[in-house]
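Start counting the sequence shown at 2; every next residue gets the next number (the working numbering).
Written out below as structure tokens is the structure these notes cover.
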Amino acid sequence: MNINILQLLDGAKKAQGLTVIIDVFRAFSTACYAFDFGASKIIPVGDINISYLLKEQNQDFILLGERNEQKPPGFDFGNSPSLLVKEKIEGKTLVHTTSSGTQGIVNAKNADEIITGSFVNARAIVQYIRQQKPRDVSLVCMGYACEYPTDEDTLCAEFIKNELSGISNNYKKMIETIKKGSGARFFDPEKQDWSPKSDFDLCLNLNRFNFVLKVEKENNVNYLRKIEI
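Structure representation (structure tokens):
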């Protein structure tokens, strides 16, 4: 098994084989919590205008996501697991657009298959990859707004690679590195309305969920399918 760690949009475009698009803070952590709250389907899109169009065409759809970390105008929820409301998303189709994670999905055109990556379902991801037995695995770290690498995404990729390679991980040390680095923004008092401290803990709740989210297509539209492991 060839395991490659790639970065940002360029990495997504180069990804081959079974591809894991990683966005810990917060797209693919939020997506896992949304499914746990009973969402029926999540449609990941890159272009925010597609989100608005899908909402116009389907008034029951829920808009979820961010630009510059904050909830865009007209959206039902931002990109925060802490701020999801189960009663409002249970049984609903969510349209999800973010500055990093969903951009990776739409740009990974050479991948054989795509699943999402985060710490909250890392063990399930590892088990799924082992079951699939791919020749090539691409772990794509989407970073901050696809602009520069971040501690949490790179460490998540390293965590998955180590697990697949039989190398032990020091997760406590990883958390400390993230908290001092790119995760520090969750502790900024001025950002609590859209990047609450509780998101830091929820997104780093290792192995909370025993499922993976696989990208499928329906009528040429991507959606995430929950696969129990």
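Every residue, glycine too, gets a C-beta built ideally from N, C-alpha and C.
- Burial state of Ala185 is exposed, judged by a 10 Å Cβ sphere holding fewer than 16 other Cβ atoms.
- Beta-bridge annotation (DSSP): Arg68 is paired with Gln71.
- Relative to Ile22, the option among Lys110, Gly66 and Ser199 whose CA is nearest is Lys110.
- Counted as a single uninterrupted DSSP element, the stretch harbouring Thr117 is not any alpha helix (DSSP H) but the beta strand (DSSP E) occupying residues Ala112 to Gly118.
- In terms of Cβ geometry, Pro73 and Gly66 form a close pair [threshold 8 angstroms].
- Counting other Cβ atoms within 10 Å of its Cβ, Pro190 stays below 16 and is therefore classed as exposed.
- Cβ neighbours of Gly92 within its own chain (closer than 7 angstroms, five residues either side excluded): Gly39 and Ser41.
- By the C-beta criterion, the region 198 to 214 is judged to be in contact with the region 25 to 35, since at least 3 inter-stretch pairs fall below 8 angstroms.
- Straight across, the Cα-Cα distance linking Ile51 with Glu177 is about 38 angstroms.
- Cβ neighbours of Gln132 within its own chain (closer than 6 angstroms, five residues either side excluded): none.
- When the beta-carbon positions are compared, Asp154 and Val25 come within less than 8 angstroms of each other.
- Residue pairing from DSSP places Tyr149 in a beta bridge opposite Tyr145.
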